[in-house]
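Enquirer: To start, I am sharing the structure in question, which I have written as structure tokens.
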Amino acid sequence: MANALLYDSTLCVGCKACETACAERWKLPYNDRIGEETVLSDHKLTAVTAHGENFGRRMCMHCEDPTCASVCPVGAFEKTKLGPVTYDASKCIGCRYCMFACPFQVPAYEWGSLAPKVRKCDQCYDRQMAGKMTACSEACPTGATISGEREAMIAEARKRISENPSGYYPRIYGLEEAGGTSMLLLSKVPFEQLGMPKGLPNHALPPLTWSALSYVPDIAAVGSVLLGGVYWITHRREEVALAEGRPPIGRGGAQGRREGPGEGGRS
Amino acid sequence: MTTSAMPFPRAASWWRRITVWRLIFYAIMSAAVYATYLRAFYGLGAVTNLTNAFPWGVWIGFDVLCGVGLAAGGFTLVAIVHIFHIKRYEPILRPAILTAFLGYVLVVVALMFDLGRPDRIWHALVMWNPRSVMFEVAWCVMLYNTVLALEFAPAVFERLQWKRPLRVVQAISIPLVIAGVILSTLHQSSLGSLYLIVPSKLHPLWYSPLLPLLFYVSAISVGLAMTIFESWHSSRAFGKQLEWPLVMRLGRLLAVVLSVFLAMRFMDLSRRHALTYALEQRPEVWLFYLEIALMAIPVAVLFSGAVATRPKLLYACSVSAIFGFITHRLNVSVTGIQAMTGAPYFPRWTEIAITLGLVAAGFAIFRLAAKYLPVFEHEAMPHAAKAPGTIAHDTGQRTAVPREETPEEAMAEVRERT
Chain A
12 MANALLYDST LCVGCKACET ACAERWKLPY NDRIGEETVL SDHKLTAVTA HGENFGRRMC
72 MHCEDPTCAS VCPVGAFEKT KLGPVTYDAS KCIGCRYCMF ACPFQVPAYE WGSLAPKVRK
132 CDQCYDRQMA GKMTACSEAC PTGATISGER EAMIAEARKR ISENPSGYYP RIYGLEEAGG
192 TSMLLLSKVP FEQLGMPKGL PNHALPPLTW SALSYVPDIA AVGSVLLGGV YWITHRREEV
252 ALAEGRPPIG RGGAQGRREG PGEGGRS
Chain B
11 MTTSAMPFPR AASWWRRITV WRLIFYAIMS AAVYATYLRA FYGLGAVTNL TNAFPWGVWI
71 GFDVLCGVGL AAGGFTLVAI VHIFHIKRYE PILRPAILTA FLGYVLVVVA LMFDLGRPDR
131 IWHALVMWNP RSVMFEVAWC VMLYNTVLAL EFAPAVFERL QWKRPLRVVQ AISIPLVIAG
191 VILSTLHQSS LGSLYLIVPS KLHPLWYSPL LPLLFYVSAI SVGLAMTIFE SWHSSRAFGK
251 QLEWPLVMRL GRLLAVVLSV FLAMRFMDLS RRHALTYALE QRPEVWLFYL EIALMAIPVA
311 VLFSGAVATR PKLLYACSVS AIFGFITHRL NVSVTGIQAM TGAPYFPRWT EIAITLGLVA
371 AGFAIFRLAA KYLPVFEHEA MPHAAKAPGT IAHDTGQRTA VPREETPEEA MAEVRERT
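In the order they appear, the protein sequences are chains A and B.
For the numbering used here, count along the first sequence from 1 and bump the result up by 11.
For the numbering used here, count along the second sequence from 1 and bump the result up by 10.
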């Protein structure tokens, strides 16, 4: 059973109680100035943003098949069975491939630190392990952010759309984006108007690199045999040529000029 | 034999005469040292213009992506000489291996600047994630650095007259060569694979499922171009004859490889229906045209045969191909990403200083190595070195004409050069 968060933009009043609760949980500083920031950063792991009369909320999407976990060379990210994608700072070497690759542009870096870490929401993994709600959904006064089993959240979202078709844009963001996420969004307007990335493939991204990576053993094995074979042939030819008193192939700089390129003087 | 007695008359005077270059070198190095201090004590945020939205800058785009590519001459020539036994290229093999070695060492140095936690670079050795392209890159860099060190080791051992280590390295030379070619193939292509994961962040003029293949072919092209570039410069710096017929043949090969790259590039663009983007009037599109022009012009010139009597033109072609390659890689890593994400980025002076410092250090170390080690004037290896007394410093032979050449061929070559 995997959990998910459901954020319903139509219920959000922009009070930013979730931001405060999040900062408290991470022991990060929070004040009015930070509250006004609209982008995720090393000191702000969730952000409520205003878009006209609508509100949006940014945080880690906790993908079903997370790009960050697949690209990290040292395996610092893990998709837990419970749903959250966790980050182990003690493994991280700081290559920032996760930040570069994340389709939702979520991971942030401690640029000012001499021992920097990546910062991102972990969907209160420790609280979820203890059977509690995430800090943000607990703090939300209007029920705009709720948490529960992913299937139940999807069913709830579908119910809300079908009960009030005119009040909702008829899609659940996160159902298919990048292969599906453990953070689902509902909105009255198209999601890009809430600042969500659009144009994402509705399949998971890790297979894109895996399609190339899976050739590595083949290239290594077939390539070695092939090159070894070519070497054996050319080497043998040279030995034969030497034994027969002919000039070895591929030598000499001058006469070869009359030959075409790349022929290697094997005439 | 002491090194000071080695006759490099033109080299010394050239270096002493053009002191402007020395001044530039020292200026760059001082700036780079200061930038290194800032990086070490104030962190990435203080020395780079990187942001959460644009986490990879020129240190990745130029130092790593281009640095590794420019080192591709090593594996290309090693394969030509040792696998395909086209021995006439042997005289320019060692400079190419040296360039590759320096290139890869400098890539590692650049990574030490770019990584947030360089002290943990060894983590990739013990914490595996085989799904990660970066994991493959890390292992390839590490293993290929080892291979290159061993491939270049004979030059050092010959200089030091260490006969036994020399024999050991020569005994394993063929497995080394094969490992080197395979590792390069994997590594050059995996740098392209890094970008397969960002279909929504890289402009369609550059994002392609073929990126690994395109990176591989362009690496071979720039490897050849760099070999021509180096041969030209070292012949001037060391007062040595240009191996003109050899270099010209490399030029023709360069034209072939560049054409293959361009053909693949356009077939891919048209298959993905991305060519329409090339009609837009946007800065990244102009850079796309610059990239294509810098590669297409040398192809046209090289195929026209106009370079046959004009070494300078061939040199210009190689420079154009190198810049075309750099433009392509920077377009993939910087322009193409900015065009899609809108993230602002221009390198801070410290990023540029460290990049230039690494390039300058590369040139300087190459010069030193070429001066004190048998890089250009060594005897054919491994065959000739097996015979006693053929090590370069024993014979004192200065030219790089392979030993096996008959007098007629040598004469013909001399005629051609003049």
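Ideal placement from N, C-alpha and C gives every residue a C-beta, glycine not left out.
Please classify residue 194(A) as buried or exposed, where buried requires at least 16 neighbouring CB atoms within 10 angstroms.
Expert: By the 10 Å Cβ count, residue 194(A) comes out buried.
Enquirer: Use the C-beta contact count for residue 87(A): other C-beta atoms within 10 angstroms, 16 or more gives buried, fewer gives exposed.
Expert: Per the 10 Å Cβ criterion, buried.
Enquirer: Helix, strand or coil: how does DSSP classify residue 122(B) here?
Expert: It is helical.
Enquirer: Is there a C-beta anywhere in chain B that falls below 8 Å from the one on residue 279(A)?
Expert: A question about residue 279(A) goes unanswered here, because the residues of chain A that appear run from 12 up to 278.
Enquirer: Using three-state DSSP, classify residue 75(A) as helix, strand or coil.
Expert: Coil at residue 75(A), not helix or strand.
Enquirer: Specify, as a first and last residue, the run of the alpha helix (DSSP H) that residue 145(B) falls within.
Expert: Here the alpha helix (DSSP H) through residue 145(B) covers 143-170.
Enquirer: Give, in chain order, every residue of the stretch 113-133 of chain B whose Cβ lies closer than 7 Å to some Cβ of chain A.
Expert: Within the stretch 113-133 of chain B, the residues whose Cβ lies closer than 7 Å to some Cβ of chain A are 125, 126, 127, 130, 131 and 133, listed in chain order.
Enquirer: Spatial neighbours of residue 146(B) within its chain, please: CB distance less than 7 Å, with the 5 preceding and 5 following residues excluded, ordered by chain position.
Expert: Taken in chain order, the residues that qualify are 196 and 200.
Enquirer: Buried or exposed for residue 189(A), going by 16 or more other Cβ atoms inside 10 Å?
Expert: Result: buried.
Enquirer: Determine the chain B residues that contact residue 56(A) at a beta-carbon separation under 8 Å, and present them in chain order.
Expert: Result: empty, since nearest Cβ-Cβ is about 12 Å, beyond 8 Å.
Enquirer: Ignoring anything shorter than 3 residues, give me the beta strand (DSSP E) runs that lie fully in the stretch 67-136 of chain A, in order along the chain.
Expert: Here the runs fully enclosed are 88-90 and 96-98.
Enquirer: Name the residues in the stretch 88-110 of chain B whose C-beta lies less than 9 Å from a C-beta of chain A; which are they?
Expert: So the close ones are 89, 90, 91, 92, 93, 94, 95, 96, 97, 98, 99, 100 and 101.
Enquirer: Kindly list, in the order they appear in chain A, the residues whose Cβ is closer than 7 Å to that of residue 195(B).
Expert: Here the neighbours are 230 and 234.
Enquirer: Of the residues that make up the stretch 101-112 of chain A, which ones have a beta carbon closer than 7 Å to any beta carbon in chain B?
Expert: Cβ contacts with chain B: 102, 103, 104, 105, 106, 107, 108, 110, 111 and 112.
Enquirer: With 8 Å as the threshold, decide whether the Cβ of residue 141(B) is near any Cβ in chain A.
Expert: Output row for residue 141(B): interface = yes.
Enquirer: Taking Cβ-Cβ distances below 9 Å as the criterion, which residues of the stretch 203-230 of chain A are in contact with chain B?
Expert: Taking 9 Å as the Cβ-Cβ cut-off against chain B, the residues of the stretch 203-230 of chain A that qualify are 208, 209, 210, 211, 212, 216, 217, 219, 220, 221, 222, 223, 224, 226, 227 and 230.
Enquirer: Per DSSP, what kind of secondary structure is residue 279(A) in: helix, strand or coil?
Expert: Residue numbering for chain A in the displayed model covers 12 to 278; residue 279(A) lies beyond these limits and cannot be assessed.
Enquirer: Within 10 Å of its beta-carbon, does residue 421(B) have 16 or more other beta-carbons around it, so buried, or fewer, so exposed?
Expert: Below a pLDDT of 50, predicted positions are generally treated as unreliable, and residue 421(B), at 47, falls in that range; the measurement from the model is reported next regardless. Exposed: under 16 other Cβ atoms inside 10 Å.
Enquirer: Looking at the structure shown, is residue 236(B) part of a helix, part of a strand, or coil, going by DSSP?
Expert: Helix at residue 236(B).
Enquirer: Is the shortest distance between the beta-carbon of residue 83(A) and the beta-carbons of chain B less than 8 Å?
Expert: It does; some Cβ of chain B falls within 8 Å.
Enquirer: Below 8 Å between beta carbons: does that hold for residue 130(A) and residue 121(A)?
Expert: Yes, the Cβ-Cβ distance between residue 130(A) and residue 121(A) is below 8 Å.
Enquirer: Looking at chain B, is there any beta carbon in it that lies within less than 8 Å of the beta carbon of residue 245(A)?
Expert: Yes, contact with chain B.
Enquirer: Any idea if residue 73(A) is buried or exposed, counting beta-carbon neighbours within 10 angstroms, 16 or more meaning buried?
Expert: Buried: at least 16 other Cβ atoms inside 10 Å.
Enquirer: Residue 235(B) touches chain A at which residues, Cβ-Cβ below 8 Å?
Expert: Those do not exist, as residue 235(B) stays about 15 Å from chain A at its closest Cβ, beyond 8 Å.
Enquirer: When we look at the beta-carbon of residue 101(B) and count the other beta-carbons within 10 Å, is it buried (16 or more) or exposed?
Expert: Residue 101(B) is buried by the Cβ-count criterion.
Enquirer: Between 36(A), 26(A), 84(A) and 171(A), which has its C-alpha nearest residue 135(B)'s C-alpha?
Expert: The shortest C-alpha separation from residue 135(B) is found at 84(A).
Enquirer: Strictly by DSSP, which residues pair up with residue 197(A)?
Expert: According to DSSP, residue 197(A) bridges with 19(A).
Enquirer: Distance, Cα to Cα, residue 159(A) vs residue 49(B)?
Expert: Cα to Cα, residue 159(A) sits roughly 45 Å from residue 49(B).
Enquirer: Quick one: give me the first and last residue of the alpha helix (DSSP H) that residue 303(B) is part of.
Expert: Start and end: 293-314.
Enquirer: Quick one: is residue 92(A) buried, meaning 16 or more other Cβ sit within 10 Å of its Cβ, or exposed?
Expert: Exposed, by the Cβ-count rule.
Enquirer: Report the neighbours of residue 188(A) on chain B: residues whose CB is nearer than 7 Å to its CB, in chain order.
Expert: The contacting residues do not exist; residue 188(A) stays about 10 Å from chain B at best.
Enquirer: Tell me which residue opens and which closes the alpha helix (DSSP H) that residue 158(A) is part of.
Expert: No alpha helix (DSSP H) holds residue 158(A); the beta strand (DSSP E) holding it covers 156-160.
Enquirer: In the DSSP assignment, find the beta strand (DSSP E) that holds residue 59(A) and state where it starts and stops.
Expert: First-last of the beta strand (DSSP E) with residue 59(A): 58-62.
Enquirer: Considering only residues of the same chain and omitting the five flanking positions on each side of residue 52(A), which have a CB-CB separation below 6 Å?
Expert: Within the same chain, residue 52(A) has close Cβ partners 119.
Enquirer: Using a Cβ-Cβ distance under 8 Å, would residue 16(B) count as near chain A?
Expert: The predicted model places residue 16(B) with a pLDDT of 44, which falls under 50 and marks its position as unreliable, so this point remains unresolved.
Enquirer: Residue 210(B) by DSSP, collapsed to three states: which one?
Expert: Three-state result, residue 210(B): coil.
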